[in-house]
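Numbering (the working numbering), first residue to last: 1 to 278.
Beta carbons are placed, not taken as given, at the ideal position from N, Cα and C, and that holds for glycine.
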Amino acid sequence: MKSLSDDATTFLSAIASDLGPALTAAVLLGMLIGVPLVIFLALRTLGRWSYTGEAVLGLLRLVGIPYCRGFHGLKVEGAHFIPRTVTPRGLILVSTHGGGLDPIIMQCCMHHPIRWLMSAEMMMPSLMWVWKRQRVIPVCFDKRDAIALKTAITHVNEGGTLGIFPEGAIERPSRQLRPFSGGLRLILSRTKAPVLVGVIDPGRPTDSPFADLFKPMHPKIRFLALIEPGPEGHGSDAAEKIFDLVHRQTNWPINDAPLESPNPEVVATNLRIYLGHE
């Protein structure tokens, strides 16, 4: 019985006898260059199909869908609220924060890339290429956040999709709603984008946000509403209304205990690396 290598040898010998050594070498060189090039172009096209103009993020999303639904057992409710397209007004995604898996499972549900506001303390240097590729907006929980908020508002007003976890941190304990930060109120007051409201039940959360990635979590996302702004934009109480909606729909207790302050040294180090100063 012939092996695959025997068949390949026979094929190459036939080419060499028909074309001659020089032309055979040219054909083989063309195959060595052409086949990887075709694969690269196919993957890039597939990625851009997943996310218009975002080949790498599109491929990550396609890989993430079976990872989230198969490995983690993700369930999604209210998917009909997710807009198929984003208008020039942009889109704001507001969600509770149950674990480290949240940005990944949210991204798998969406049809367009999300630019996240993210705590600088959580931006591990080993994953810095991911944060840069996703154009994450670092949040420091101090006066430097004026720049972050301005960047977020500009992104939305330019037609982008912004993701924000307004609780400011992962819920600890799980399924306890934390008060929303004032940053959401400011963003809503300076934009006229629809707001997609989501709730994440983390399923079986771990003690570490990054450990969530390697253990089946069985999370569930529930999209509650797509809130359209009025003619003058969102009202001054829009953030409070979103909080009340989430509270009513989940019936989770409110946990208003103060958040632990981020480690300033870790924040400074991560920012330096992210901004390319190291």
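If you run the structure through DSSP and keep just helix, strand and coil, what is residue 154? Looking at residue 154 - three-state DSSP - the assignment turns out to be helix.
Under three-state DSSP, which class holds residue 116? In the structure shown, residue 116 sits in a strand (DSSP, three-state: E or B).
Based on the DSSP secondary-structure assignment, which residues constitute the bridge partners of residue 138? The partner list for residue 138 (beta bridge, DSSP) reads 118.
What does the alpha-carbon distance come out to for the pair residue 195 and residue 167? Residue 195 and residue 167: Cα-Cα distance of roughly 16 Å.
So, for residue 107: in the same chain, excluding its five sequence neighbours on each side, which residues have a beta-carbon less than 7 Å away from its beta-carbon? Excluding positions up to five away in sequence, the list reads 61, 64, 114.
Considering residue 240, what are the terminal residues of the alpha helix (DSSP H) in which it resides? That run of the alpha helix (DSSP H) goes 238–250.
So, using beta-carbon positions, are residue 199 and residue 224 closer together than 8 Å? A contact, by the Cβ cut-off of 8 Å.
If residue 96 sits next to residue 177, beta carbons under 8 Å apart, how far is it from one beta carbon to the other, in whole angstroms? Residue 177 and residue 96 do touch by the CB rule: their CB atoms are close to 7 Å apart, below 8 Å.
Where does the unbroken beta strand (DSSP E) through residue 211 begin, and where does it stop? No beta strand (DSSP E) contains residue 211, which DSSP labels as neither H nor E.
Helix, strand or coil for residue 86? Go by DSSP, reduced to three states. Of the three classes helix, strand and coil, the one that applies to residue 86 here is coil, per DSSP.
Tell me, to the nearest whole angstrom, how far the beta carbon of residue 92 is from that of residue 191; I am working on the premise that it is less than 8 Å. Contact annotation, residue 92 with residue 191: C-beta distance approximately 7 Å; criterion of less than 8 Å satisfied.
Determine contact between the region 252–268 and the region 233–240, defined as no fewer than three beta-carbon pairs at a distance below 8 Å. In this structure the region 252–268 does not touch the region 233–240; the number of beta carbon pairs closer than 8 Å is below three.
Taking residue 159 as the reference, which of 87, 123, 128 has the closest Cα? Ranking 87, 123, 128 by CA distance to the CA of residue 159 puts 87 first.
Taking only runs of the alpha helix (DSSP H) that begin and end inside the region 157–210, which ones reach a length of at least 4 residues, in chain order? DSSP runs (the alpha helix (DSSP H)) wholly in the region 157–210: 182–189.
Starting from the C-beta of residue 100, find all residues in its chain whose C-beta is less than 6 Å away, skip the five residues before and the five after it, and write them out in chain order. Correct list, in chain order: 209, 210, 212.
Can you list, in chain order, the residues of its chain with a C-beta nearer than 7 Å to that of residue 152? Leave out the 5 residues immediately preceding and following it. Once the five neighbours on either side are set aside, the close Cβ partners of residue 152 are 117, 137, 162, 187.
Do residue 189 and residue 98 have their C-beta atoms within less than 8 Å of each other? No, these two residues do not count as a Cβ contact at 8 Å.
Sorry if obvious, but does the Cβ on residue 200 come closer than 7 Å to a heavy atom of the ligand PLP? With respect to the ligand PLP, the structure offers nothing, as it holds no ligand at all.
Is residue 93 helix, strand or coil when you go by DSSP? In the structure shown, residue 93 sits in a strand (DSSP, three-state: E or B).
Can you tell me where the beta strand (DSSP E) holding residue 226 begins and where it ends? For residue 226, the enclosing beta strand (DSSP E) begins and ends at 220–227.
Counting along the chain, where does the alpha helix (DSSP H) carrying residue 132 start and finish? Unbroken alpha helix (DSSP H) run through residue 132: 128–133.
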